[in-house]
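Chemist:
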Amino acid sequence: MNNEMELLFDARSTNEGLARVAVAAFVAHLNPTLEELSDIKTAVSEAVTNAIIHGYGNLQGYSRHGEVRPSAGDYFPGKVRLACKLADGVLDVTVEDQGKGIEDISKAMEPLYTTMPELDRSGMGFAFMEAFMDHLEVESSPGKGTRIHMRKKMTSGSWIPGEE
Amino acid sequence: MENFQVIDNCLMVKLPEEVDHYQAGYICQEADRFLMEENVCHVVFDFEDTVFMDSSGIGIIMGRYKKIACLGGKVYAINVGRQIRRILDLSGMSALVEVLA
Ligand SMILES: Nc1ncnc2c1ncn2[C@@H]1O[C@H](COP(=O)(O)OP(=O)(O)OP(=O)(O)O)[C@@H](O)[C@H]1O
Ligand SMILES: [Mg+2]
Numbered sequence: 000m001n002n003e004m005e006l007l008f009d010a011r012s013t014n015e016g017l018a019r020v021a022v023a024a025f026v027a028h029l030n031p032t033l034e035e036l037s038d039i040k041t042a043v044s045e046a047v048t049n050a051i052i053h054g055y056g057n058l059q060g061y062s063r064h065g066e067v068r069p070s071a072g073d074y075f076p077g078k079v080r081l082a083c084k085l086a087d088g089v090l091d092v093t094v095e096d097q098g099k100g101i102e103d104i105s106k107a108m109e110p111l112y113t114t115m116p117e118l119d120r121s122g123m124g125f126a127f128m129e130a131f132m133d134h135l136e137v138e139s140s141p142g143k144g145t146r147i148h149m150r151k152k153m154t155s156g157s158w159i160p161g162e163e
Numbered sequence: 000m001e002n003f004q005v006i007d008n009c010l011m012v013k014l015p016e017e018v019d020h021y022q023a024g025y026i027c028q029e030a031d032r033f034l035m036e037e038n039v040c041h042v043v044f045d046f047e048d049t050v051f052m053d054s055s056g057i058g059i060i061m062g063r064y065k066k067i068a069c070l071g072g073k074v075y076a077i078n079v080g081r082q083i084r085r086i087l088d089l090s091g092m093s094a095l096v097e098v099l100a
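Those protein sequence lines, which keep their order, are chains A and B.
Quick note, the first sequence lines up with residues 0 to 163 if you use numbering that gives the first Met the number 0.
Quick note, the second sequence lines up with residues 0 to 100 if you use numbering that gives the first Met the number 0.
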């Protein structure tokens with residue numbers, strides 16, 4: 000079965016969980032292994048978090064159970080687009096923002112490289128996306144935004160006997 | 000839900016079910032408050048309840064490690080399941096942190 004979905008949400012930290020759950024539910028009918036599921040959720044979490052905190056500068060993950068830490072800073076309005084496509088057992092995920100963009104993509108993709116070390120970022124986001132998905136493509140232009148495209152072949156396959 | 004406890008000179012941090020950017024700020028902030036105010040040398044991160052972690056979790060651990068390692072403190076990760084283990088291995092954290100299943 001081929002299938003597509005698209006989700007557009009505010010660039011707020013609360014929506015990281017929403018994005019993970021949405022993608023997990025999107026592939027659920029393939030009976031993915033726990034490992035596959037956590038690979039996909041981690042990769043999506045990385046791309047979406049990057050869009051929110053780097054793309055739009057919304058740092059208010061500094062919160063607890065819905066409270067916003069006073070020093071969390073302003074909210075910069077912006078949307079993150081998450082698109083998923085399943086065709087022949089291959090999952091395509093696109094995460095897009097219209098934020099500040101990346102000046103030097105290959106530098107940004109180096110493991111441990113981060114522009115926010117003081118905020119406890121580790122610089123492992125792109126490394127995880129690369130490790131957990133089969134294919135990663137980054138397009139970005141400064142001032143315009145960033146588009147991440149990831150692909151993963153689902154080992155569970157595209158067909159479950161008796162399903163269709 | 001996360002919680003913090005000081006036992007002897009160890010800070011025990013029970014991590015929440017999902018360790019992501021949304022949760023990370025509060026955890027870092029609270030852990031650092033304990034490191035400053037209490038007589039803490041070592042930090043133990045307990046993953047018992049944790050089913051999901053992304054690079055935000057690596058940031059939490061790495062940041063605390065940098066603060067206490069220079070004073071001879073150690074960082075432990077306990078009750079580490081498979082998914083968390085892979086993340087720790089991939090990021091190289093397993094070399095700095097004592098990881099216990
Ligand atoms: N959507 C984006 N918009 C603008 N800059 C980005 C975006 N995604 C990544 N970057 C830049 O690339 C760098 C590396 O990203 P990466 O996810 O690998 O590390 P990080 O987000 O800094 O830390 P971590 O993901 O480990 O918490 C970021 O520090 C940031 O400067
Ligand atoms: Mg990141």
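From the three backbone atoms N, C-alpha and C, an ideal C-beta is built for every residue, glycine too.
(1) Beta carbon of Ala-50/A, beta carbon of Val-94/A: below 8 Å?
(2) Below 8 Å on the Cβ atoms is my contact criterion, and I expect Ala-82/A with Leu-89/B to pass it. Report the Cβ-Cβ distance as a whole number of Å.
(3) With DSSP as the reference, label Arg-63/B as helix, strand or coil.
(4) Buried or exposed: which applies to Met-149/A, given that a residue is buried once 16 or more other Cβ atoms fall within 10 Å of its Cβ?
(5) Grouping DSSP H, G and I as helix and E and B as strand, with all else coil, what is Thr-113/A?
(6) Thinking just about the alpha-carbon of each residue, which of Val-18/B, Met-52/B, Lys-66/B is nearest to the one in Phe-33/B?
(7) For the stretch 109-122 of chain A, which residues have a beta carbon sitting closer than 7 Å to at least one beta carbon of chain B?
(8) What does the alpha-carbon distance come out to for the pair Lys-73/B and Lys-143/A?
(9) Say yes only if the C-beta of Asn-57/A is nearer than 7 Å to one or more non-hydrogen atoms of ligand 2, and no if none qualify.
(10) Within 8 Å (strictly less), CB to CB, does Ala-130/A reach chain B?
(11) State yes or no: is the C-beta of Arg-120/A nearer than 7 Å to some heavy atom of ligand 2?
(12) Return the first residue and the last residue of the beta strand (DSSP E) that His-53/A is part of.
(13) Kindly indicate which three-state DSSP category Asp-87/A falls into: helix, strand or coil?
(14) Cβ closer than 7 Å: which chain A residues qualify as neighbours of Gly-72/B?
(15) Beta-carbon within less than 6 Å of Leu-10/B's beta-carbon, same chain only, minus the 5 sequence neighbours each way: which residues are those?
(16) Going by DSSP, what residue range makes up the beta strand (DSSP E) through Cys-69/B?
(17) Can Lys-66/B be considered in contact with ligand 1, in the sense that its beta carbon sits closer than 7 Å to one or more heavy atoms?
(18) Does any CB atom of chain B fall closer than 8 Å to the CB of Ile-186/A?
(19) Would His-41/B count as contacting chain A if we go by Cβ distances under 8 Å?
(20) My guess is that Asp-53/B and Asp-7/B are in contact by the Cβ rule of under 8 Å, so how many angstroms apart are they, rounded?
(21) Could you check the C-alpha separation between Val-79/B and Glu-47/B for me, to the nearest Å?
(22) Considering only the alpha carbon of each residue, which of Thr-13/A, Arg-19/A, Val-20/A, Phe-25/A lies closest to Val-89/A?
Modeler: In short, the structure shows the following:
(1) In terms of Cβ geometry, Ala-50/A and Val-94/A form a close pair [threshold 8 Å].
(2) Their Cβ separation, rounded to whole angstroms, is 26 Å, which puts Ala-82/A and Leu-89/B out of contact at 8 Å.
(3) When DSSP states are grouped into helix, strand and coil, Arg-63/B belongs to the helix group.
(4) Residue environment: Met-149/A is assigned as buried (16 or more neighbouring CB atoms within 10 Å of its CB, all protein chains considered).
(5) Residue state, collapsed to three classes: coil.
(6) Residue Lys-66/B is the option with its Cα nearest to Phe-33/B.
(7) Result list: Asp-119, Arg-120, Ser-121.
(8) Cα atoms of Lys-73/B and Lys-143/A: separation of roughly 43 Å, rounded to the nearest angstrom.
(9) Not one heavy atom of ligand 2 lies closer than 7 Å to the C-beta of Asn-57/A.
(10) Residue-level contact check: Ala-130/A touches chain B, since one or more beta carbons of chain B fall below 8 Å from its beta carbon.
(11) Indeed, a heavy atom of ligand 2 lies less than 7 Å from the Cβ.
(12) Unbroken run through His-53/A: none, as it is neither H nor E.
(13) Asp-87/A: coil per DSSP, three-state reduction.
(14) Contact of Gly-72/B with chain A by beta-carbon distance below 7 Å is absent, the smallest such distance being about 17 Å.
(15) Excluding positions up to five away in sequence, the list reads Phe-33, Val-39, Val-42.
(16) Cys-69/B -> no beta strand (DSSP E), and no H or E assigned at all.
(17) Not under cutoff, so the answer is no.
(18) Here chain A comprises residues numbered 0 to 163, so residue 186/A is not present and cannot be evaluated.
(19) Answer no: the Cβ-Cβ gap between His-41/B and chain A never drops below 8 Å.
(20) Separation of the CB atoms of Asp-53/B and Asp-7/B is rounded to 31 Å, and the pair is thereby denied contact status at 8 Å.
(21) If you draw a straight line from the Cα of Val-79/B to the Cα of Glu-47/B, it is about 7 Å long.
(22) When each option's Cα is compared against that of Val-89/A, the closest is Phe-25/A.
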